[in-house]
Structure formats: structure tokens, C-alpha cells
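Peer 1: When the count follows the numbering used here, it moves up by one through the sequence shown with no breaks and lands on 211 for the last residue.
By construction, the Cβ of each residue, glycine as well, lies at the ideal position given by its N, Cα and C atoms.
My questions will all concern the structure given below.
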Amino acid sequence: MKPLKRPVRRGLLVAHVAVSVSRLGLTVGLPALGTPWGLARHRWVWTTFWLTLITTGLSIFSLRPGIDAAAADGAVDINLVIAPSVATGAYLFITAISILKPWGLTPRGRRLRFSASSAKSVDARSPRQTA
């Protein structure tokens with residue numbers, strides 16, 4: 081495979097970091113800002129949130145020091161292959177459940193959906209027009 085030219089490689093690096101930081105910022109920011117759809121209504125949202133935090137923390141505090149130590153020693157270790165593979169697998173799993181959205185609503189989400197549908201049905205029976 082032919083190596084990428086420097087401008088292309090640098091552009092891909094910027095895109096990679098921007099997407100990674102955006103995902104992390106979105107994940108961390110959602111609990112503080114909230115959304116009209118609600119953060120805690122779906123199990124997949126909670127799962128991706130916690131898995132992202134756990135995987136990021138483990139990558140920073142566990143994986144990185146091991147890579148630095150192996151590079152300083154010049155040693156080849158199977159953990160240098162296994163740990164990044166596990167982290168990559170976790171991020172791919174997080175991406176997959178973000179797209180597929182399995183597992184349904186949380187109890188809070190079911191309660192909010194029920195109360196919203198009850199309010200709509202009451203409005204539909206009311207003779208007055210609502211905004």
C-alpha cells in the first residue's frame with residue numbers, strides 16, 4: 081500500500097481527532113444539557129454513555145502507560161496487540177448499539193412515554209383546541 085502524502089495524512093488525523101472529541105463531548109455533555117428526547121429514556125443511551133467513559137478511562141490510565149513502558153524497553157508484548165484490540169472492539173460495539181438502538185425504554189422512559197400519550201389522548205377528547 082502506498083503511503084499517504086503528508087497533507088492527506090494530516091487532514092485524516094484532524095478529522096479523526098475531531099470526531100473522537102466530538103463523540104466524547106457529546107457523551108459527557110448530554111447529562112448536563114439534556115435533550116427534548118431525554119437522556120435516560122433508552123437503555124442503549126446509558127450503555128453507550130458508560131461504556132464510552134469506561135473504555136476511555138481504561139485506554140488513558142491502563143493502555144497508554146503499558147505502551148509507553150514497552151516502547152521504552154523495546155520489548156514486544158502480546159498485550160500491545162490485545163489491549164488496543166479490546167478497546168477497538170468496545171468502540172465498535174458502542175457504535176453498533178448507537179446505530180441499532182436495542183433493548184427498549186428504561187422504566188423512566190416508559191413512564192414519560194405513557195404520560196405523554198395520556199396527555200395527548202386527553203387533549204384529543206377536549207372540545208377546546210390546544211396549541
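#1: Do you know offhand how far V125's Cα is from I179's?
#2: Which residues mark the beginning and the end of the alpha helix (DSSP H) in which D148 is found?
#3: For L160, which of helix, strand or coil comes out of DSSP?
#4: Kindly list the residues whose CB is nearer than 8 Å to the CB of R121, restricted to its own chain and excluding five residues on each side of it in sequence; keep chain order.
#5: Got a sec, what are the start and stop residues for the alpha helix (DSSP H) W126 sits in?
#6: Given a cut-off of 9 Å, decide if A170 and L143 are closer than it, judged by their beta-carbon atoms.
#7: Quick check: what's the CA-CA separation for L160 versus T135?
#8: Please go through the same chain and pick out, in chain order, the residues whose beta-carbon is closer than 7 Å to the beta-carbon of I174, but skip the five residues on each side of it.
#9: Tell me, please, which residues DSSP counts as bridged to L185.
#10: Compare the beta carbon distance of L138 and A167 with 9 Å and say whether it is the shorter of the two.
#11: Measure the Cβ-Cβ separation of L92 and L84 and say whether it is below 9 Å.
#12: Within 8 Å: the Cβ of D148 and any heavy atom of the ligand FAD?
#13: How many Å lie between M81 and V88 at the Cα?
#14: Taking C-alpha atoms, which residue in R90, R123 and S195 lies nearest to I177?
Peer 2: Reading from the atomic positions:
#1: As a first step, residue 125 is located in the sequence shown; it is residue number 45 there, counting from the start. As a first step, residue 179 is located in the sequence shown; it is residue number 99 there, counting from the start. Near 11 Å, if we compare the C-alpha coordinates of I179 and V125.
#2: As a first step, residue 148 is located in the sequence shown; it is residue number 68 there, counting from the start. R144 to D153 is the extent of the alpha helix (DSSP H) around D148.
#3: One-based indexing of the sequence shown puts residue 160 at position 80. If DSSP states are grouped into helix, strand and coil, L160 belongs with the helices.
#4: The sequence position of residue 121 within the sequence shown is 41, counting from 1. These residues qualify, in order along the chain: L185, T186, R188, G189, L192 and R193.
#5: Within the sequence shown, the letter at position 46 stands for residue 126. Counting along the chain, the alpha helix (DSSP H) containing W126 begins and ends at R123 to L138.
#6: In the sequence shown, the residue the question calls residue 143 occupies position 63. In the sequence shown, the residue the question calls residue 170 occupies position 90. No, these two residues do not count as a Cβ contact at 9 Å.
#7: Taking the first residue of the sequence shown as 1, we reach residue 160 at position 80. Taking the first residue of the sequence shown as 1, we reach residue 135 at position 55. When rounded, the distance between both Cα atoms is 16 Å.
#8: By 1-based counting over the sequence shown, the position of residue 174 is 94. Same-chain partners within the cutoff: T128, L131 and T132.
#9: For this step, residue 185 is matched to residue 105 along the sequence shown. DSSP lists H122 as partners of L185.
#10: On the sequence shown, residue 138 is found 58 positions in, with the first residue counted as 1. On the sequence shown, residue 167 is found 87 positions in, with the first residue counted as 1. Result yes, Cβ atoms of L138 and A167 sit closer than 9 Å.
#11: Position 12 of the sequence shown holds residue 92. Position 4 of the sequence shown holds residue 84. Yes; because the gap between Cβ atoms is below 9 Å, this pair is in contact.
#12: This structure lacks the ligand FAD, and indeed carries no ligand of any kind.
#13: As a position in the sequence shown, residue 81 is number 1, starting the count at 1. As a position in the sequence shown, residue 88 is number 8, starting the count at 1. For M81 and V88, the distance between alpha carbons rounds to 15 Å.
#14: For this step, residue 177 is matched to residue 97 along the sequence shown. Comparing Cα positions, the closest option is R123.
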